[in-house]
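Which chain is which? The protein sequence lines are E and L, in order. Residue 371 in our numbering sits at position 123 of the first sequence; the count goes up by one each step and never skips. Residue 283 in our numbering sits at position 35 of the second sequence; the count goes up by one each step and never skips. Notes to accompany the following structure.
2 protein chains.
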Amino acid sequence: MDSNFTIAVHSLVYLAYLPGHMASSEAIAHNVATNPVRIRKVMSALRNEGLVKTKEGVRGGYMLGEDPGKITLGHIYEAIARGALQPDWQTGDPKCGCPISSNTQSVMDLIFKEAEDSYASFLNQFTVASVLLQIKADK
Amino acid sequence: MDSNFTIAVHSLVYLAYLPGHMASSEAIAHNVATNPVRIRKVMSALRNEGLVKTKEGVRGGYMLGEDPGKITLGHIYEAIARGALQPDWQTGDPKCGCPISSNTQSVMDLIFKEAEDSYASFLNQFTVASVLLQIKADK
DNA sequence: TGGAACTGTAACAAATAAAATTACAGTATG
DNA sequence: CATACTGTAATTTTATTTGTTACAGTTCCA
Chain E
249 MDSNFTIAVH
259 SLVYLAYLPG
269 HMASSEAIAH
279 NVATNPVRIR
289 KVMSALRNEG
299 LVKTKEGVRG
309 GYMLGEDPGK
319 ITLGHIYEAI
329 ARGALQPDWQ
339 TGDPKCGCPI
349 SSNTQSVMDL
359 IFKEAEDSYA
369 SFLNQFTVAS
379 VLLQIKADK
Chain L
249 MDSNFTIAVH
259 SLVYLAYLPG
269 HMASSEAIAH
279 NVATNPVRIR
289 KVMSALRNEG
299 LVKTKEGVRG
309 GYMLGEDPGK
319 ITLGHIYEAI
329 ARGALQPDWQ
339 TGDPKCGCPI
349 SSNTQSVMDL
359 IFKEAEDSYA
369 SFLNQFTVAS
379 VLLQIKADK
C-alpha cells in the first residue's frame, strides 16, 4: 500500500502537538519529510471526512476538525486508505471453465473485504491523542 | 502489497481441488494466470513452512504438505507476506529535534506490527478447505 | 545411459504504481 | 493589490511488481 495512511496519522498527530493546533502544508510536509502538494492531497481526503478543517489564503493552513481523543486511526484509515490492503492484481480468469480459476477472484475479494473491516476496527483502539502520548513517551 | 499471498492461497486451493492433489508449476501457473517461475518462488516460500512438498524431476511438481483443513490463511500469510501491510516509505526524520518527526516512525512501526498480528489471526478462521468450499459454492 | 520433463535460482527486462515536481487558478489577509 | 496560502491537474522521476530468459540440478524411463 502507499503511505498516505501513515502520512495522515503523522500530520494529525503533529497538528495535535502544536500549541495552536494549526499548520500550513509546507510546515507539515517538512515535519513528515515529504512535499507540500502531497500533504494537501492527503488533507483534502481528511477534510471530506471532517477530520481536518482548512483555511485558505494568507495565514491559512490546516487544523484538527475534531478533538484528538475522538479521531481514531480506524476512521483515518477509512478516510484515506480503504481498499489499500487488497492487491490490484488478481489471480485466475473468470471466463475459464475451471471453477477454481474462475471463482477465486470473487471469493478472495470477499475475504479481503472482511479482513480489512477487522483491520480498521483494530485500528479504532488508537486515537490521535493516544498516538501523541506514545510518541512523547518514546525514547 | 504484492499478490504473493493471493497466489499462494489460489495455488493451495487448486492443489486441494485436484484429485491427485499434485500439479506442476506450469499447470498451477496456468490456473492462476501467471508464469511458472513465479509459482516456483511462491512454492519455495511455502515449502520452508511445510505447507507444500516438492518433487523434482520428471513427473515432479507440488503437493499439499498438510491436510487442507489444517492449513489456515493466517499461516499462509505469515509464510509469504509477513511485513507486507506496512509501507516501506516512512514519515519523519529520526535525527530531527522535533519529537513528532523523530519518533513517529518507531511508534507507527509498533502499531503496524500489532495490526498485522491481528490481521493474520483474523485470517486464521479460514482454511484451504473452507476456501475451496466457498469457491465451489460460488455462482 | 541419455534425453525429456521437471524444480531452483539468478539476472535481466517490461509494466505498473508511488512519490516528487511544476504549474497555475482561486482565496483570504493586511 | 501584493503576498501567502490552498486545490488540483499534468508531468517527471523513482521504486516496486511482474514477466522473461537462462541454465544448473534432479528424476524418470525408454
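Glycine included, every Cβ here is placed at the ideal spot set by N, Cα and C.
Applying a beta-carbon distance threshold of less than 8 Å, which residues of chain L neighbour residue i?
{"i": "residue 339 (chain E)", "result": "251, 254, 255, 258, 280, 281 and 282"}
Please report whether the beta-carbon of residue i lies at a distance below 8 Å from any beta-carbon of chain L.
{"i": "residue 291 (chain E)", "result": "no"}
{"i": "residue 352 (chain E)", "result": "yes"}
{"i": "residue 378 (chain E)", "result": "no"}
{"i": "residue 356 (chain E)", "result": "yes"}
{"i": "residue 262 (chain E)", "result": "yes"}
{"i": "residue 367 (chain E)", "result": "yes"}
{"i": "residue 319 (chain E)", "result": "no"}
{"i": "residue 359 (chain E)", "result": "yes"}
If we count the other Cβ atoms within 10 Å of its Cβ and call it buried at 16 or more, is residue i buried or exposed?
{"i": "residue 292 (chain E)", "result": "exposed"}
{"i": "residue 316 (chain E)", "result": "buried"}
{"i": "residue 261 (chain L)", "result": "buried"}
{"i": "residue 278 (chain E)", "result": "buried"}
{"i": "residue 358 (chain L)", "result": "exposed"}
{"i": "residue 300 (chain L)", "result": "buried"}
{"i": "residue 271 (chain E)", "result": "buried"}
Say whether chain E places a C-beta atom closer than 8 Å to the C-beta of residue i.
{"i": "residue 327 (chain L)", "result": "no"}
{"i": "residue 270 (chain L)", "result": "no"}
{"i": "residue 299 (chain L)", "result": "no"}
{"i": "residue 287 (chain L)", "result": "no"}
{"i": "residue 371 (chain L)", "result": "yes"}
Kindly indicate which three-state DSSP category residue i falls into: helix, strand or coil?
{"i": "residue 375 (chain L)", "result": "strand"}
{"i": "residue 352 (chain E)", "result": "helix"}
{"i": "residue 254 (chain L)", "result": "helix"}
{"i": "residue 335 (chain E)", "result": "coil"}
{"i": "residue 341 (chain L)", "result": "coil"}
{"i": "residue 380 (chain E)", "result": "helix"}
{"i": "residue 361 (chain L)", "result": "helix"}
{"i": "residue 330 (chain L)", "result": "coil"}
Starting from the beta carbon of residue i, find every residue of chain L whose beta carbon is closer than 7 Å, and list them in chain order.
{"i": "residue 384 (chain E)", "result": "347"}
{"i": "residue 335 (chain E)", "result": "249, 250, 251 and 254"}
Could you tell me which chain L residues have their CB closer than 9 Å to the CB of residue i, listed as they occur along the chain?
{"i": "residue 265 (chain E)", "result": "346, 347 and 348"}
{"i": "residue 273 (chain E)", "result": "Under the 9 Å cutoff, chain L gives no residues; its nearest Cβ is about 14 Å from residue 273 (chain E)."}
Under 7 Å between beta-carbons, which chain E residues line up against residue i? List them in chain order, please.
{"i": "residue 277 (chain L)", "result": "None at all; the shortest Cβ gap to chain E is about 10 Å."}
Can you tell me which residues form a DSSP beta bridge with residue i?
{"i": "residue 310 (chain E)", "result": "E:271 and E:302"}
{"i": "residue 320 (chain E)", "result": "E:375"}
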